[in-house]
Amino acid sequence: MANVAIEEHLIVSELAVTPRSQDFSAWYNEIVVKAELVDNPERTPVRGCMIIKPYGYELWEAVKSGLDQRFKATGHVNAYFPVFIPMSFLQKEAEHVEGFAPELAVVTHGGGKELEEPYVIRPTSETIIGDAMSRWIQSYRDLPLLLNQWANVVRWEKRTRPFLRTSEFLWQEGHTAHATYDEAQAEAMQMLDIYADFAINEAAIPVIKGQKSNQERFAGALASYTIEAMMGDGKALQAGTSHNLGQNFAKAFDISYTDINNELQYCWTTSWGVSTRMIGAIIMAHGDDQGLRLPPRLAPIQVVMIPIYKNDDQKAEVLAVVETIGRQLQGAGIRFHVDRRESVSPGFKYNDWEMRGVPLRIEIGPKDVEKGSAALARRDIPGRDGKQFVDQAVVIDKVNETLTAIQSNLLQQATEFRDARRHEVVGDYQRFSEIIRGGEWALTWFSGSAEAEARVKEDIQAVSRCFPLEQPHPGETGPCIVTGEPTDRMAYFARAY
RNA sequence: CGGGGUGUGGCGCAGUUGGCUAGCGCGCUGCGUUUGGGACGCAGAGGUCCCCGGUUCGAGUCCGGGCACCCCGACCA
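Going by the working numbering, the first residue of the first sequence is number 1, and it counts up by one from there.
Below is the structure:
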């Protein structure tokens, strides 16, 4: 018996991905390649960079589209700034250059000549956009200035993983300028809300909105805010950030305006970003042993149709039904694909599309032709339980209904998973450590000091993720988990990506 | 940047103490049979064994040097 079990295991591992439950990291590395989100990183000619394949890029386009609509709806406009930034620009904001110096890629030559001033390949664009803003803004009538840019950025990383940390990645960076602190702060919070709304309602990932500790703050910001998500292994992932930059960049780049009293004032600026890391979040929040599970609202293919037949007569009948349903799906605006491959069996196709995370599968075979039915199989409910047979006449209604159900089920599953793994702990450092070592989240009173944070990092390789905006005990104080001193805010701690 | 490891058809690997024609599985191409949960048969194609140098009658194998990549630890959307 034992030998049979081992052989079965070997067969499975040859055919499919390493089960997520067995080795989360290996599962992730394999699934991004096998689901064709990226080219095999080991064969990508540039170290630490990724080739995003069409299926992965379509997923990114869906993310882009969902975010871009939200940005436009709140009055932001897109623009584009150079990928090269004069080195001197970065040096104008002391904390900023210090934060980014270790991971800069620098261009020293162009057109065969050494450049007078080296260019940095943008790691982020606060400086070059700040420089433009200083020229564009003169009057309070020019404010607020609400810009966004979709771009690639480069940060030289020592250890990289597809989507989670790569030397080059795609993102959007919003950059805004305002007349007052309050307006900038409101903007930073508004964008955080937009990110949270996107994560929850499009990506089906529950997130916690919070503020970063000073140690985890963006280099050059007054305050940094984050949406934190829990991955399938319990680790935390920052899925988006928003910064109130205060007047730090305004002063460094002379972004100033004349107010209504004809007095010169510095602007208050913000920046905010979501990157291709969001793809990593979607993979790790929803995936299972069979592969990806994509939320219907973002899935490049929402429905895959598998025709099944034994001979040419059946093929003709089956494909006629497939065409009919296909036209209906198209009319309903549903993204679908018909798997017409002749060289692989239906069973292979089931597994193949499950690995790619397609939310819903429709099987049409001779029996369905005969009965006027169609088989619908949900990706989020494995096996027979997820399969239903519906009348062809109502298939579109059923598809719409089921896609909606899958979307909300993914969110519900992720929420229940997370809520079972976050724990409030007061004054018990031992238990605090055990929670984090056990791969779960601890919510505890925290002073936020550099010393306290360093101690936690030293002890248990974890840092604070955020002070949640929604505090569980507002107005109260409690003992800092590290120092014991009374403090008025609680923070989440967890191991993180 | 410190420690460990690996470079052999597209992918995963075998090739032990040198030996002749470099092999296996998967994938790929063609034909046929199959097709409701990862099909099968037959016939094919595909290799400067990471690079450079050395030892030898003979090097994928031994020696020297180089390069690349992967994994594990300190910094990061």
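Where a beta carbon is used, it is the ideal one built from N, C-alpha and C, also for glycine.
Along the chain, where does the beta strand (DSSP E) that runs through Met230 open and close? Ala223 to Met230
Pull the bridge partners of Ser139 from the DSSP assignment, please. Thr258
What's the call for Glu7, buried or exposed, on a 16-neighbour Cβ count within 10 Å? Any reading at Glu7 must be qualified, since the residue scores a pLDDT of 36, below 50, and its modelled position is unreliable; the value itself is stated next. By the 10 Å Cβ count, Glu7 comes out exposed.
In the DSSP assignment, the beta strand (DSSP E) including Val399 goes from what residue to what residue? Not the beta strand (DSSP E): Val399 falls in the alpha helix (DSSP H), residues Val395 to Asp419.
Jot down the residue ranges of each uninterrupted alpha helix (DSSP H) in the segment 254-302, minimum 4 residues, whole runs only, in chain order. 277-286
Take every Cβ of the segment 454-472, pair it with every Cβ of the segment 480-497, and state whether three or more of those distances are shorter than 8 Å. yes
DSSP state of Tyr492 mapped onto helix, strand, coil: strand
Buried or exposed, going by whether 16 or more other CB atoms sit within 10 Å of the CB of Val390? buried
Please report the distance separating the alpha-carbon of Ala82 from that of Ile128. The amino acid at residue 82 is misidentified as Ala; the sequence shows Pro. C-alpha separation (whole angstroms): 8 Å.
Cutting at 8 Å between CB atoms, please list the residues of its own chain near Thr166, excluding the five before and the five after it. Gly48, Cys49, Met50, Glu157, Thr160 and Thr276
In chain order, which alpha helix (DSSP H) runs of at least 4 residues are fully inside the segment 443-485? 450-460
Tell me whether the beta-carbon of Gln247 lies closer than 7 Å to the beta-carbon of Trp268. yes
With distance defined between alpha-carbon atoms, name the residue in Ala377, Phe71 and Arg135 nearest to Phe253. Arg135
For Lys209, the three-state DSSP class (helix, strand or coil): strand
Please report how far the alpha carbon of Ile325 lies from the alpha carbon of Met230, in whole angstroms. 38 Å
Pick from Thr415, Ile396, Gly240 and Asp39 that is closest to Met278, judged by C-alpha positions: Gly240
Examine the Cβ distances between the segment 398-406 and the segment 430-450 and report whether three or more of them are shorter than 8 Å. no
Measuring CB to CB, does Arg297 end up less than 7 Å from Arg379? no
Should Asp182 go down as buried or exposed, given a rule of 16 or more other Cβ atoms within 10 Å for buried? exposed
Leaving out five residues on either side along the sequence, give the residues of the same chain with a beta carbon under 8 Å from the beta carbon of Ile11. Below a pLDDT of 50, predicted positions are generally treated as unreliable, and Ile11, at 39, falls in that range; the measurement from the model is reported next regardless. Contacts found: none.
Taking 7 Å as the limit between beta carbons, can you name the residues of its chain near Asp288, skipping five residues before and five after? Arg20
In angstroms with no decimal places, state the Cα-to-Cα distance between Glu126 and Tyr266. 16 Å
CB Ala281 to CB Leu237, shorter than 7 Å? yes
Reduced DSSP secondary structure (H/G/I, E/B, other) of Tyr195: helix
Helix or strand or just coil, what does DSSP make of Ser242? strand
Please say whether Val153 and Glu122 have beta carbons closer to each other than 7 Å? Per the sequence presented here, residue 122 reads as Arg, with Glu not at that position. Yes; because the gap between Cβ atoms is below 7 Å, this pair is in contact.
Can you check whether the CB of Gly234 is closer than 7 Å to the CB of Arg421? yes
What's the gap between the Cα of Ala73 and the Cα of Leu146? 12 Å
Which residue wins for smallest C-alpha separation from Trp353, given the options Phe336, Lys367 and Tyr257? Phe336
For the alpha helix (DSSP H) holding Gln119, just list the boundary residues, first then last. The residue asked about is misnamed: residue 119 is Tyr in this sequence, not Gln. Run containing Tyr119: none in the alpha helix (DSSP H); it sits in the beta strand (DSSP E), Lys113 to Ile121.
Who are the near neighbours of Thr18 in its chain, counting only those whose CB is closer than 7 Å to its CB and skipping five residues on each side? Ala26, Trp27 and Glu30
With three or more beta-carbon pairs closer than 8 Å as the criterion, would you say the segment 212-223 touches the segment 447-454? yes
Would you say Ala374 and Arg361 are within 7 Å of each other, going by their C-beta atoms? no
Output the distance between the C-alpha atoms of Phe71 and Thr444, rounded to the nearest integer angstrom. 34 Å
For the candidate residues Asp488, Leu164 and Val482, whose alpha-carbon lies nearest to that of Met284? Leu164
Going by DSSP, what residues sit across from His76 in a beta bridge? DSSP output for His76 lists no bridge partner at all.
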